[in-house]
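Enquirer:
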Amino acid sequence: MSNVATSGQDDVLGLHDQDGTTTPLPSEQRPVTQRLDNVTYVLAEPRPKFSGAANTTWSSFSRKFRRFCNSRGIIGDTAMIEEFEFCLANDSVAARWFDSLSQPDKNTWARLDAAGHQRWPTLFDVQDARDSYADLLALNLSENDLTKTVHGTDGLSPVQRFARDAFNLAARIPASDVGQDRIIKSFFPKLPTPLILALGSQASQFKTMRDLCKEIAKLTPDDLAPFVQSRAQRPPNIVRQPANSDNRLSQPVQPVAGRYNTQTIARPTGPPVPPRTFSTDQEGIRAYQRALEQVRYVTPSLSVAWPLRPGTQPPGSGECHRCGMRDHFASNCQAQNPLPTAEQQYRRLAIRSGAPRQLRAALHVGHSSSGASSSPSGSSNSSQSSQNSSPDTSADLIDINPRFAYYNGDSFVNNLIDTDPHIGSGNASGCLQWGQGAPNQK
1 MSNVATSGQD
11 DVLGLHDQDG
21 TTTPLPSEQR
31 PVTQRLDNVT
41 YVLAEPRPKF
51 SGAANTTWSS
61 FSRKFRRFCN
71 SRGIIGDTAM
81 IEEFEFCLAN
91 DSVAARWFDS
101 LSQPDKNTWA
111 RLDAAGHQRW
121 PTLFDVQDAR
131 DSYADLLALN
141 LSENDLTKTV
151 HGTDGLSPVQ
161 RFARDAFNLA
171 ARIPASDVGQ
181 DRIIKSFFPK
191 LPTPLILALG
201 SQASQFKTMR
211 DLCKEIAKLT
221 PDDLAPFVQS
231 RAQRPPNIVR
241 QPANSDNRLS
251 QPVQPVAGRY
261 NTQTIARPTG
271 PPVPPRTFST
281 DQEGIRAYQR
291 ALEQVRYVTP
301 SLSVAWPLRP
311 GTQPPGSGEC
321 HRCGMRDHFA
331 SNCQAQNPLP
341 TAEQQYRRLA
351 IRSGAPRQLR
361 AALHVGHSSS
371 GASSSPSGSS
381 NSSQSSQNSS
391 PDTSADLIDI
401 NPRFAYYNGD
411 SFVNNLIDTD
421 PHIGSGNASG
431 CLQWGQGAPN
441 QK
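Numbering-wise (the UniProt record's numbering), the sequence shown opens with residue 1 and increments by one.
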């Protein structure tokens, strides 16, 4: 009987053929299915997970969670919140946020859902909050509107309308995105100065934007009029640009009278120092080499007695600053042995000094017949030799820019001639000689 029963069960399941063999028939095989007691559980939505990461939103999770509860037959706040705890990822931002919620927010799903929307808003809500914050800071109220009593169609004064618009924009900004204290600290300094004076308090005194807007709406034009008038009577705030410390004044600054000895703050500006010239003989060349060693680390300047190469033309006389000779420009200079870089820079400074070439100071340098150099010890000898012998206008006359003045006692002496000594007769009877008012060369 057991065999028959077993064979009958196999026939019912479709595992045997008509002849009772154990070979199954693929064409007639039927799958074995197990009847489940809870069919709804099979068709239910999978339990969604929520971690609260930056790329997740509460709105999408909330829709999945409600579908999950409906498919499982979970009804009621208590059951939904218990299932919600299983949806939270372990040690996640959402789990820590749920632990920090107050007990009333955990009692009902409506309050929990509202707190989740506030904590993780949608992209549209975030953009709307940013736009509202920008519009709030751009809200403008001019000082002329503070004392206007004309009301619009809404029955509000300009100040009251400004307070209403500010409050509506601030209400659209979630507190989790931008705190109330940050909104007030950013909005309060942008108010008109008379309005800030009329409020008589700092931004930290207002806890919410509602309190600040209520205080602004209470102010009437009569309350704001004294502050507007006092603002208009104040002298304008003139921003003074501090002077550059490198500026040099044409005249020395007068000391401020006081009980102490004060000094001028301007830098002392002396006259330009004439350059040093040397003869073309061996002694003059050696003196030129020694002078170059002295100014090796000195920046070229018109206030320095710069040594010039023997045989070159005076600076500022239309010469080529690259080789020190005339009859060509520096752009066409083909000299194989150009001047040192520092001397070229010195000659460029003399050329750019701005004085006309027709008015140049002629300096008579008297060289002895033995070719004495222009050293300090030979300055008196050179002056005596220049008095005894006739001057050589081609070598002894050095015409320089009139900016090169020579200190003579307590006054500056500028010897200007109308005739170019290199072009005209070269008469230098009135020229200043070395040793007569010119500073000793070092």
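We treat Cβ as the ideally placed atom computed from N, Cα and C, and that holds for glycine. All of these numbers come straight from a predicted model, not from anything done at the bench.
Please go through the same chain and pick out, in chain order, the residues whose beta-carbon is closer than 7 angstroms to the beta-carbon of Pro104, but skip the five residues on each side of it.
Expert: Contacts found: Arg111.
Enquirer: Looking only at C-alpha atoms, which of Leu197, Ile216, Lys207 sits nearest to Pro226?
Expert: Checking every option, the nearest Cα to that of Pro226 belongs to Leu197.
Enquirer: Taking only the alpha-carbon atoms, compute the straight-line gap between Thr299 and His321 and give it to the nearest angstrom.
Expert: Whole-angstrom Cα-Cα distance: 17 angstroms.
Enquirer: Just to confirm, are Gly341 and Gly324 a CB contact at a threshold of 7 angstroms?
Expert: The amino acid occupying residue 341 in the given sequence is Thr; Gly does not appear at that position. No, they are not a contact pair.
Enquirer: Return yes when the Cβ of Thr57 is within less than 7 angstroms of the Cβ of Trp120, no when it is not.
Expert: Closer than 7 angstroms, so yes.
Enquirer: When the Cα atoms are used, what is the spatial distance from Ile75 to Cys69?
Expert: If you take the alpha carbons of Ile75 and Cys69, they lie about 7 angstroms apart.
Enquirer: Touch check for the segment 144-159 and the segment 200-209: three-plus C-beta pairs under 8 angstroms?
Expert: At 8 angstroms Cβ cutoff, the stretches do not touch.
Enquirer: Alpha carbon to alpha carbon, what distance is there between Ser132 and Gly200?
Expert: If I take the Cα positions, the gap works out to 27 angstroms.
Enquirer: According to DSSP, which residues form a beta bridge with Arg276?
Expert: In the DSSP output, where bridge partners are listed per residue, Arg276 has Pro307.
Enquirer: Please list the terminal residues of the continuous alpha helix (DSSP H) segment that includes Cys213.
Expert: From DSSP, the alpha helix (DSSP H) with Cys213 extends over 209-218.
Enquirer: Could you tell me if Ala114 is buried or exposed, where buried requires 16 or more neighbouring beta carbons within 10 angstroms of its beta carbon?
Expert: By the 10 Å Cβ count, Ala114 comes out exposed.
Enquirer: Following the continuous alpha helix (DSSP H) through Glu85, name the residue where it begins and the one where it ends.
Expert: Glu85 -> alpha helix (DSSP H) spans 77-87.
Enquirer: Going by DSSP, which residues form a beta bridge with Phe206?
Expert: DSSP, once it has assigned bridges, lists no residue as partnering Phe206.
Enquirer: Determine the direct distance from the alpha carbon of Trp109 to that of Arg164, and round the result to whole angstroms.
Expert: C-alpha separation (whole angstroms): 34 angstroms.
Enquirer: Once the 5 residues before and after Ile81 are set aside, which same chain residues still bring their CB inside 7 angstroms of it?
Expert: Excluding residues within five positions, the ones whose Cβ falls inside 7 angstroms are Lys106, Trp109, Leu112.
Enquirer: Sorted by chain position, which residues of the same chain lie with C-beta nearer than 6 angstroms to Arg286's C-beta, five sequence neighbours on each side aside?
Expert: Cβ within range, chain order: n/a, list empty.
Enquirer: Under the three-state reduction of DSSP, which class applies to Val42: helix, strand or coil?
Expert: In this prediction, Val42 scores a pLDDT of 45, lower than 50, which makes its location untrustworthy; no coordinate-derived value is stated.
Enquirer: Do you know offhand how far Ala94's Cα is from Ile183's?
Expert: Computed Cα separation, rounded: 27 angstroms.
Enquirer: Can you have a look at Pro376 and say buried or exposed, based on whether 16 or more other CB atoms are within 10 angstroms of its CB?
Expert: At Pro376 the pLDDT is 41, less than 50, meaning the model places this residue with poor confidence; the figure from the coordinates comes in the next sentence. Exposed, because fewer than 16 other Cβ atoms sit within 10 Å of the Cβ of Pro376.
Enquirer: What do you reckon, are the CB atoms on Gly52 and Ser92 nearer than 7 angstroms?
Expert: A contact, by the Cβ cut-off of 7 angstroms.
Enquirer: Measure the alpha-carbon distance for Gln229 versus Pro221 and round it to whole angstroms.
Expert: So the two alpha carbons sit approximately 12 angstroms from each other.
Enquirer: Are the CB atoms of Pro307 and Tyr288 nearer to each other than 7 angstroms?
Expert: Yes. Within cutoff.
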